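S.K.:
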Amino acid sequence: MAIYGEYRIEHDLMGAMRVPKNAYYGVQTLRAVENFPISGHRVDDEMIVAIAQIKKAAAILNANDDQIPLNVGKAICQACDEIIEGNLHDQFLVDSIQGGAGTSMNMNANEVIANRAIEILGGAKGDYTIVHPNDHVNCGQSTNDVYPSSGKMALIKKIDRLLEALMRLTDTLNKKAQEFDTVVKMGRTQLQDAVPIRLGQEFQAYSVAIRRDIRRIGQAAHEVRELNLGGTAVGTGVNASPSYIENIVPMVAELTDEMLIKARDLVDGTQNLDVYSTLSGALKTCAVNLSKISNDLRLMSSGPRTGLGEITLPTRQNGSSIMPGKVNPVIPEVMNQIAFNVIGNDTTITMATEGGQLELNAFEPIIFYKLFESLHTLTEGVNTLRVNCIRGIVANKEHCRKLVERSVGIVTTLCPIIGYTEACHLAKEAIETGASVRELVLEKGLIPEDKLDELMDPYKMTLQPK
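Here the sequence shown is numbered in our numbering, starting from 383 and rising by one per residue.
1) Out of R580, Y407, I538, point me to the one whose CA is closest to N778's CA.
2) Can you give the beta carbon distance from N621 to G522, rounded, assuming they're within the 8 Å contact cut?
3) Is the region 503-520 touching the region 720-733, taking contact as three or more C-beta pairs under 8 Å?
4) Rounded to the nearest angstrom, what separates R550 and A441 at their Cα positions?
5) Measure the C-alpha to C-alpha separation of A496 and V519 and round it to an integer number of angstroms.
6) Which residues in the same chain as G582 place their Cβ atom closer than 8 Å to its Cβ, once the five residues preceding and following it in sequence are excluded?
7) DSSP three-state label for D728, please.
8) Using a Cβ-Cβ cut-off of 7 Å (strictly less than) and excluding sequence neighbours within five positions of M568, which residues of its own chain qualify?
9) At 3 residues or longer, and completely inside the region 569-629: list those beta strand (DSSP E) runs for me, N to C.
10) To which residues of the same chain is K438 closer than 6 Å at the C-beta, ignoring the five residues directly before and after it?
11) From this set, N490, A491, V454, which residue's C-alpha is nearest L503's C-alpha?
12) What does T694 pair with, by DSSP beta-bridge criteria?
13) Assign A744 to one of three DSSP states: helix, strand, or coil.
14) Along the beta strand (DSSP E) that carries P706, what are the first and last residues, could you check?
15) Secondary structure at D563, three-state DSSP: helix, strand or coil?
16) Alpha carbon to alpha carbon, how far is Q699 from E831?
17) Between T759 and the rest of its own chain, which residues show a CB-CB distance below 8 Å, the 5 nearest in sequence each way excluded?
18) Would you say the region 538-548 touches the region 591-600, given that touching needs at least three Cβ pairs under 8 Å?
19) Along the chain, where does the beta strand (DSSP E) containing A853 start, and where does it finish?
20) When the Cα of G482 is compared with those of G816, V415, T844, G397, which residue comes out closest?
21) With H, G and I counted as helix, E and B as strand and the rest as coil, what does DSSP make of D832?
22) Decide yes or no for the touch test of the region 640-651 against the region 605-617: beta carbon pairs closer than 8 Å, at least 3 of them.
23) Which of helix, strand or coil does DSSP assign to I450?
24) Short of 6 Å in beta carbon distance, which residues of its chain neighbour E493, apart from the five on each side in sequence? Order them along the chain.
25) Suppose contacts are defined by Cβ-Cβ distances below 8 Å. Is I731 in contact with S659 by that definition?
26) Rounded to the nearest angstrom, what separates R390 and V401 at their Cα positions?
Structure representation (structure tokens):
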């Protein structure tokens, strides 16, 4: 290694390259920076922490097995601990979207850890005779097991946050269901008057749907906990000791205090990525449910004078630069947009999952990038939907009651008494004349008033059989 002013010269297969003298990254990181100026987003911080946890576990096992010198192993562990604590993250320069199946990210980590370990041992950055990025930091590993495992470990953290947000959302929906239990409104099918329903029943149904999402995402999360560490390049464990292969996942689990499982078949765990399409599918379904709920909130709150106006959403901001007093349903709108993005991400993830060939899928970088984005935006969207919208919804109870009374949909409850055909005639006449169904029934003497009052009690129409 040679030093020239503010730079050191490092070499790789492509030749020589100038690296800033004080940088912890090296030549292979710089090659990636040149090649992949794609998204403008560097690799996720939680993935950086995860890869450092893997490198630490590997160093412990390799030092114990005499695969690397003990002092080198200790220095690597110290460097990893610093990264795990949040230091040196600015030295990870590689774009989230990169060619090479994640090799650039893995080598970025290997170089940063090696140069910090060299420094700890009293050497100068770039002197890889002391600690080598490949021979020491990457000992017993391959990008093909390290990169996907670090991505999965980051996913676990993000999934946990989404599940927590969704559980809080169900709690809020349940509270609203109880609050609105006595609010009878007109149910609609195909946007036309149907039969009465309680507003509380609608909110309870939203909660039930989100609980299904929690279950689906939780099931997918369990599969994410299977790591192919120890499989190295293609799942056969080449260049890794038997002890390392057996103990690397348990060691990472111990260091992270996470329930991590060694893949039942390391070859399968290396080449097949269906776990990601399963997870993405669950996220997409959740996004679809959240978007449908948001659609309902926008419809029920439409107005305030010329729409349905059955509920009032919290006022969050001015709705127009030209129309004074206008307030828009901005929180449900942003939830809709998040859902559209997650659905699009699912298509990308599906295609990337399918796109692997033979022993490796090269497209995990875009898979992780899109999964991380979906998880983050869904989590934040759920939080703002709960806090800034659902929690403050007010039911316009009297208006709901009037809409029910004016509707002809309540004629449905009379069908068992007067028959479907006569009920149709009543509905048509009510629409044409503006008279209420109740008035017409009494006028025609079809049902005694006391019996009619019992049949047309809107609240009783909403009671489910037990």
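No residue lacks a Cβ here, since even glycine has one placed at the ideal position from N, Cα and C.
Since the model is a prediction, treat every value here as computed from it, not as a measurement.
M.R.: With the structure as the only source:
1) Residue 778 sits at position 396 when you count from the first residue of the sequence shown. Comparing Cα positions, the closest option is R580.
2) Counting from 1 along the sequence shown, the entry for residue 621 is found at position 239. Counting from 1 along the sequence shown, the entry for residue 522 is found at position 140. That pair is a contact at about 7 Å.
3) no
4) One-based indexing of the sequence shown puts residue 550 at position 168. One-based indexing of the sequence shown puts residue 441 at position 59. Near 40 Å, if we compare the C-alpha coordinates of A441 and R550.
5) Within the sequence shown, residue 496 is the residue found at index 114, counting from 1. Within the sequence shown, residue 519 is the residue found at index 137, counting from 1. So the alpha carbons of these two residues sit roughly 6 Å apart.
6) Indexing the sequence shown from 1 puts residue 582 at position 200. Taken in chain order, the residues that qualify are K558, A559, Q560, E561, F562, D563, T564, V565.
7) Reading the sequence shown from its first residue, position 346 is the one you call residue 728. The answer is helix: DSSP assigns D728 an H, G or I state.
8) Counted from its first residue, the sequence shown places residue 568 at position 186. Excluding residues up to 5 positions away in sequence, D575, P578, L785, V786, S789, G791 lie with their Cβ nearer than 7 Å to the Cβ of M568 in the same chain.
9) 574-580
10) Counting from 1 along the sequence shown, the entry for residue 438 is found at position 56. Around K438, the same chain offers C459, C462 as residues with beta carbons nearer than 6 Å, after the five sequence neighbours per side are excluded.
11) Mapped onto the sequence shown, residue 503 falls at position 121. Checked all of N490, A491, V454; the closest Cα to L503 is V454.
12) Taking the sequence shown and counting its residues from 1, the one referred to as residue 694 is at position 312. Bridge partners of T694 according to DSSP: V776.
13) By 1-based counting over the sequence shown, the position of residue 744 is 362. Coil, per DSSP.
14) If you number the sequence shown from 1, residue 706 lands on position 324. Per DSSP, P706 belongs to no beta strand (DSSP E) and is neither H nor E.
15) What you label residue 563 is simply residue 181 of the sequence shown in a count that begins at 1. Residue state, collapsed to three classes: coil.
16) Walking along the sequence shown from the start, residue 699 turns up at place 317. Walking along the sequence shown from the start, residue 831 turns up at place 449. If you take the alpha carbons of Q699 and E831, they lie about 49 Å apart.
17) Here the question's residue 759 lines up with position 377 in the sequence shown. Cβ within range, chain order: I720, N723, V724.
18) yes
19) Nothing about residue 853 can be read from this structure; the chain reaches only from 383 to 848.
20) Residue numbering aside, residue 482 sits at position 100 when the sequence shown is read from its first letter. Taking only the C-alpha atoms, the option nearest G482 is V415.
21) The residue given as residue 832 occupies position 450 in the sequence shown. In this structure, D832 counts as helix in the three-state DSSP scheme.
22) yes
23) In the sequence shown, counting from the first residue as 1, residue 450 sits at position 68. DSSP places I450 in coil when its eight states are reduced to three.
24) Indexing the sequence shown from 1 puts residue 493 at position 111. Only Y407, G408, T411, P515 meet the Cβ criterion.
25) Mapped onto the sequence shown, residue 731 falls at position 349. Mapped onto the sequence shown, residue 659 falls at position 277. Against a cut-off of 8 Å, the Cβ pair of S659 and I731 comes out as a contact.
26) For this step, residue 390 is matched to residue 8 along the sequence shown. For this step, residue 401 is matched to residue 19 along the sequence shown. If you take the alpha carbons of R390 and V401, they lie about 5 Å apart.
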